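Working notes for the structure below.
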Amino acid sequence: GIRSSAALTPIRMPWECMGGLQTSRLKAVNGRWLRASRCHVCAREAALSASTRSLAKADIWTVSGLLVDVFSRELNPMQQVLVRLEHVVGLSQRHGQTALFVCTANSMGASDDSVVGFVEMFTAPYLASALPVGTPVHIANRLKPFIASLAVHEDARGRGIGEALVRACEDAAVASGQRSVQIQVECGNEVALRLYARLGYRVVSMDTHVPQSWSAMFCSVGPSRSQS
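Start counting the sequence shown at -13; every next residue gets the next number (the working numbering).
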């Protein structure tokens, strides 16, 4: 799958001791940005790295929890469990059909990575498969990849994770022969709107006939990006 580690800012994870922090520095090792911090309280050095890769089936349970944390915190515990199980079933069914990526970070010396970000993009063939039987071919051919979900762990925000995940989707779109990517964002989600605007997306339409207004955004990718 696609894997990227470019332009990722070092991440301070919850397990990183910050008490008595003395030094902090950036360095690049094998193309990955690392942050090394020395704490005089625990007298140890921890370096963190982050990278983006395709979602594996083993990631689904963890990603389902991240989605609940980001989008369903207002629900009671029982409702959160049900929503999480819905995410597990949905992701399991769509695995291999849509573009699914995770961003992971690990503390050097840790046995494994932790998922800190997730994105799902509905591909044009996947969207076409959902059209009613008999839909004219020219309509199916006009379908464009659609970023359906983007979630970043609260402790990892503002460090380039969202951008890296969006770029992974764009790379996947280009690899499949597409020249643009679309996304729908709540009009009140100013953080997301700023992120996508910075990445080159522009609002092409708005739906104000629902309780929460939505903005449809569009971005050219590949060779045409410089012209958008």
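Beta carbons are placed, not taken as given, at the ideal position from N, Cα and C, and that holds for glycine.
Please read these numbers as outputs of a predicted model, since none were measured by experiment.
- With fewer than 16 neighbouring CB atoms inside 10 Å of its own CB, residue 194 falls in the exposed class.
- Taking C-alpha positions only, residue 55 is separated from residue 172 by approximately 18 Å.
- Here the segment 114 to 128 makes no contact with the segment 145 to 154; the two share fewer than three CB pairs at distances below 8 Å.
- In the displayed model, residue 89 falls within a strand according to three-state DSSP.
- For residue 86 against residue 106, the beta-carbon gap comes to about 5 Å, under 8 Å, which counts as contact.
- Between the alpha carbons of residue 163 and residue 108 lies a distance of about 14 Å.
- One Cα belongs to residue 156, the other to residue 176, and the distance between them is close to 22 Å.
- Per DSSP, the continuous alpha helix (DSSP H) segment holding residue 48 begins and ends at 46 to 57.
- Judged by DSSP secondary structure, residue 126 falls within the alpha helix (DSSP H) whose first and last residues are 123 to 126.
- Residue 168 and residue 161 have their C-alpha atoms spaced approximately 16 Å apart.
- Looking at the backbone, the Cα of residue 131 and that of residue 92 are separated by about 30 Å.
- Residue 170 and residue 35 have their C-alpha atoms spaced approximately 30 Å apart.
- By the Cβ criterion, the segment 133 to 145 is in contact with the segment 40 to 57, since at least three pairs of Cβ atoms, one from each stretch, lie closer than 8 Å.
- Every beta strand (DSSP E) stretch that sits fully inside the segment 174 to 201 and reaches 3 residues is listed by chain position as 188 to 193.
- Taking 4 residues as the shortest admissible run, the segment 112 to 175 contains the following complete alpha helix (DSSP H) segments, listed from N- to C-terminal end: 123 to 126 and 147 to 161.
- Excluding its 5 nearest sequence neighbours in each direction, residue 192 has C-beta neighbours in its own chain below 8 Å: 173, 199, 200, 201 and 202, listed in chain order.
- In this structure, DSSP gives residue 74 a helical state, which the three-state scheme calls helix.
- By alpha-carbon distance to residue 190, the top candidate from 204, 182, 62 and 68 is 204.
- Residue 84 is not a Cβ neighbour of residue 37, given a cutoff of 8 Å.
- Beta-bridge partners of residue 80 (DSSP): none assigned.
- Annotation: residue 117 to residue 77 spans about 20 Å, alpha carbon to alpha carbon.
- Secondary structure note for residue 38: its beta strand (DSSP E) is the uninterrupted segment 30 to 40.
- In its chain, beyond the 5 residues on either side, 50 have a beta carbon closer than 8 Å to the beta carbon of residue 71.
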